[in-house]
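Chain order of the listed sequences is A and B.
The first sequence begins at 51 in the numbering used here and counts up by one.
The second sequence begins at 51 in the numbering used here and counts up by one.
Structure first, commentary second.
Number of protein chains: 2
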Amino acid sequence: MEQMQLLSRIACGDGHGENSSFFDGWKAYDSDPYHPTNNPHGVIQMGLAENQLSLDLVEKWVSENPQASICSPEGLHHFKDTALFQDYHGLQQFTQAVARFMEKVRGDRVRFDPTRIVMSGGATGAQETLAFCLADPGEALLVPTPYYPGNDRDLTWRTGLKLVPVECHSSDDFKLTRQALESAFAAAKKSDIRVKGLLLNNPSNPLGTVLDRETLIESLNFANDKNIHLICDEIYSATVFKRPGFVSIAEIVQDAIAGAGDCHYNLDLIHIIYSLSKDLGFPGFRVGIIYSYNDAVVACARKMSSFGLVSTQTQRLVAAMLSDEAFVEGFLAESARRLGRRRAMVAEGLAAVGVGSLPGNAGLYCWMDLRKLLKSATFDAELELWHVIIHEVKLNVSPGASFHCAEPGWFRVCFANMDDATAMVALERINAFVARRREIEIDIARKKQWRRGGKLEISLSFRRLKDEMMMSSLSPHSPMSSPLVRARN
Amino acid sequence: MEQMQLLSRIACGDGHGENSSFFDGWKAYDSDPYHPTNNPHGVIQMGLAENQLSLDLVEKWVSENPQASICSPEGLHHFKDTALFQDYHGLQQFTQAVARFMEKVRGDRVRFDPTRIVMSGGATGAQETLAFCLADPGEALLVPTPYYPGNDRDLTWRTGLKLVPVECHSSDDFKLTRQALESAFAAAKKSDIRVKGLLLNNPSNPLGTVLDRETLIESLNFANDKNIHLICDEIYSATVFKRPGFVSIAEIVQDAIAGAGDCHYNLDLIHIIYSLSKDLGFPGFRVGIIYSYNDAVVACARKMSSFGLVSTQTQRLVAAMLSDEAFVEGFLAESARRLGRRRAMVAEGLAAVGVGSLPGNAGLYCWMDLRKLLKSATFDAELELWHVIIHEVKLNVSPGASFHCAEPGWFRVCFANMDDATAMVALERINAFVARRREIEIDIARKKQWRRGGKLEISLSFRRLKDEMMMSSLSPHSPMSSPLVRARN
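Here's what the structure looks like:
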């Protein structure tokens, strides 16, 4: 019998990344999940960028709009046609409603053409589809660091593409610069890697920040100059909760077109990735979107969408929901308010115990700075600290290394996948941990002095925050009043 | 500026196949769709393997089971958890219900392990996922002809795989033989193409036949001897409407395991593709399944399923529906009855005008033999005849060449995507067309004689069939009483 590898190289390799050590936190959570009464000492899941804060608004809308479901007496007459519909253009009302929603999220300052909306299986499918359209195996995309770890799976695993990091640094609040772009591009070229595009994540996961207009324009100029694609992943666009507001690449494009004379950008290079999983909080429904200004990419991505179409049952529900403009406007405002409140609670809770985090205005997470707690400024020390946080503090946060961060000591802390009470428990644990750490690390003499002053101060400050939060959670606008702990398999 | 190809080779190539001439029929239908009253001379769509005959049973179940929907008052308490659930293992009740359904379809003669059920975006996604798991670019799968044209897109487009045809012939009712397999395998080897697997489609699209136990065992022996994978695409398994019944590869496996001593097959080589789109008639819901006996393939395919998960809204509906065993049993029996009745109507309608079709017992189509109507035994002549059928007879059937059939003159005729009345109109058109053809083709003298005899006989026979059908459609068991014409885009 001929000796040969039975499976593909993809199946035999580890390009998916799930076997990396970064999944240890998930394993710890899965084996010992926190529950306020059943398992109060369990691990709290803060590694999941899930938006649960306003799902009650979605649920309320669904309960008030039975006609939106093909399974209700009011919507059943659509059942057959919907069940049979498999056209990869999608239901017309779905693409129209999604385009309109994308406009609303961008403050109605831009227009989206529904015929350019291409469906995919979540942002995961959208990223891969676009990668298959834009580049060949061995070619690369530039990606500013830190970046979402799933990019490696989505953009490279089955496509054979490479990601070339563009290093951003804390000294500059991780801002993307032209110099960093040029430097990464040159490095790739030197290694004989053809760069085919630049991927921007705006708002950023894990930073929780938005790209400003100047950076977007600079990035677009860069892509245009190099004749490479600019992919803007805007899946967190509706999580922006305070100024400066979100600027979509679509606005830059529209401004350029509306400007004097011809648009000097090659629009064929510009593409947007979108999804409803984060902004509306229903990742289970698998609604991913590719929006491209390039006709050939729209046509090709649409053909590829056959591998991950959105269920028509879900298309119809989403179409009806997003066509309700009053609901959409109310949801966007209230969701932003709740996210802002939760973010403030977490950032202030951390600050109260002297832990910094990157100032941000978006996302379902904050970027926590624990550099001062590292034994040394290395990723080994970061990993060591992370294991302590998981196994002793019992919080599953995500280490910066998993986001390809260039500097050790940063951690992503997700805060929108839990209720207020759980968030408070998490902050209390961090408070206690930081206090313990300080006790251990300073010498006895300074420790005594610090105990009388510093620690007391921190504890008082933290207690004040806690009291405020508890007061506030009694208000009728509190997003959740009961513990929300789910068994994720 | 550096000159380079802006998009990928995949995007610039035509591996998708949609631009092939075989889409002419779809275009003709799209631009002039038949409607009994609004457009009675339009094109009837017989190129779509869609199962509409028993969707009313599904709809009825949905109307009677509001708790199955997360959008109903009875099911709304599941809304949040379902909307948030994105675990690629799927909802447990979903994988259990699908496994149970697969058992029921196979007459409860086999067991399926729910933990081996992997989701995908329809059979389209399932085929591609499995291809990505099993083989590397340039490697090949053997596929008996004629085969489903979508295989080229699903198995080769983005994966870089090749398909090597295994030629089957009408002289043998297109039966697959060991000799044909060996010959295709040897030919590939001679061309330095590494064969990695054999894909069987059982029941066959387009043949409408099932593979018998001996052929399945022979195929499994072949795969095992060569140490290549055996992929069984069983997406039409519940469309079998008469004896000989359907034999799944799962039965062969189970028998082998249960047999004396060790199973001599390498189970790591055996994989099943499944879907609910054909058997239950809801392609819009995008429920595809990979079932593998190979643990590594299950694990890898599950990771890949992130690119095309089934919407949890749909998972929950399907789980509830397929858990209702009384419904499932009733549906399977009634659906088979209706398909058998429609198939008989079409086959008899064709036979009545002297048109043959391959004897079959499954599928949503029959394999029509128009070899006698070809000007010459060539694919050019087939294409010419096809264009006449589309543009003059106004039926969008599919030519054998699009299925990689080795012999010209065969056409796939789909019959389950329409109501009885439309099917009758289609048969009338074929009747008239065949009659006209004969008039033209025979010489005047013989034509006169034939007119008095043959044609009259055909017309009478056809009229008798029509009367029978009309009578039967008045019965309370008629699947559809009103015209069912949908606007597809």
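We put the CB at the ideal spot given by N, CA and C, even for glycine.
- Under the DSSP assignment, Lys154 (chain B) falls outside any beta strand (DSSP E), being part of the alpha helix (DSSP H) whose first and last residues are Gln142 to Val155.
- The straight-line gap separating the alpha-carbon atoms of Thr179 (chain A) and Ile322 (chain A) is approximately 12 Å.
- A distance below 7 Å between beta-carbons, with the five flanking residues on each side excluded, links Gln365 (chain A) to the following residues of its chain, in chain order: Gly140, Leu141 and Phe144.
- Straight-line measurement puts the Cα of Ala369 (chain A) at about 11 Å from the Cα of Glu375 (chain A).
- Using a Cβ-Cβ cut-off of 7 Å, Gly175 (chain B) is close to Phe357 and Gly358 of chain A, given in chain order.
- Across the region 119-140 of chain A, CB contacts with chain B closer than 9 Å involve Ser119, Ile120, Cys121, Ser122, Pro123, Gly125, Leu126, Phe129, Lys130, Asp131, Thr132, Ala133, Leu134, Phe135, Gln136, Asp137 and His139, in sequence order along the chain.
- Distance from Leu191 (chain A) to Leu213 (chain A) at the Cβ level is roughly 6 Å; contact confirmed, criterion being Cβ atoms closer than 8 Å.
- For Gly380 (chain A), the enclosing alpha helix (DSSP H) stretches over residues Glu375 to Ala402.
- Residue B:Ile120 holds the alpha-carbon nearest to the alpha-carbon of Thr132 (chain B) among B:Glu124, B:Asn89 and B:Ile120.
- With distances taken between CA atoms, Gly358 (chain A) lies nearest to A:Phe335 out of A:Gln146, A:Phe335 and A:Ala401.
- Using a C-beta cut-off of 8 Å, the region 84-101 of chain A makes contact with the region 459-473 of chain A, since at least three inter-stretch Cβ pairs fall below that distance.
- Sequence-ordered contacts of the region 298-325 of chain B with chain A read Asp318 [C-beta pairs closer than 7 Å].
- Gln102 (chain A) reaches chain B at Lys130 and Leu134, counting residues in chain order whose Cβ is nearer than 9 Å.
- Nearest CB-CB separation between His66 (chain B) and chain A: below the 8 Å threshold.
- Contact between the region 238-245 of chain B and the region 264-273 of chain B is absent, with fewer than three C-beta pairs closer than 8 Å.
- The closest CA to that of Leu423 (chain B), considering only B:Leu414, B:Trp436 and B:Val245, is found on B:Trp436.
- Contacts with chain A at 8 Å (Cβ-Cβ) include Glu109 (chain B).
- In this structure, Leu389 (chain B) lies away from Val112 (chain A), with their beta-carbon atoms at least 8 Å apart.
- Against chain A, the CB of Asp186 (chain B) has a partner CB under 8 Å away; the residue lies at that interface.
- Selection B:Trp207, B:Ala176 and B:His91 evaluated against Gly188 (chain B) yields B:Trp207 as nearest (Cα-Cα).
- Listed in chain order, the non-local C-beta contacts of Cys455 (chain A) below 7 Å within the same chain comprise Thr195 and Pro196, local neighbours out to five positions each way being set aside.
- With a beta-carbon spacing of about 29 Å, Ala412 (chain B) and Thr165 (chain B) fall beyond the 8 Å limit used to define contacts.
- Straight-line measurement puts the Cα of Lys328 (chain A) at about 15 Å from the Cα of Glu384 (chain A).
- Ala349 (chain B) has its alpha-carbon roughly 14 Å from the corresponding atom of Ile339 (chain B).
- The residue among A:Arg488, A:His91 and A:Leu382 with its C-alpha nearest the C-alpha of Phe291 (chain A) is A:Leu382.
- Membership of Met418 (chain A) in the beta strand (DSSP E) is indicated by the continuous run Tyr415 to Asp419.
- With a threshold of 8 Å between beta carbons, Thr145 (chain A) makes no contact with chain B.
- Runs of the alpha helix (DSSP H) lying entirely within the region 300-328 of chain B, each at least 4 residues long, are absent.
- Close partners of Leu389 (chain B) in chain A (Cβ separation under 7 Å) are lacking, with about 16 Å as the shortest Cβ gap.
- One thing to note: Gly75 (chain A) has its Cβ no nearer than 8 Å to the Cβ of His85 (chain A).
- Taking a C-beta distance under 8 Å as the contact criterion, Phe224 (chain B) and Leu408 (chain B) qualify as a contact pair.
- If only complete runs of 3 or more residues are kept, the region 157-239 of chain A shows the beta strand (DSSP E) at 167-171, 190-194 and 212-216, in order along the chain.
- Listed along chain A, the residues sitting closer than 8 Å to Arg59 (chain B) by beta-carbon distance are Asp186.
- Using beta-carbon distances, Thr265 (chain A) does not count as an interface residue toward chain B, since no partner is under 8 Å.
- For Ala346 (chain A), the neighbours in chain B by C-beta distance under 9 Å run, in chain order, Leu56, Leu57, Ala61 and Cys62.
- Contact between Arg352 (chain A) and Tyr138 (chain A) holds: their C-beta atoms lie close to 5 Å from each other, under 8 Å.
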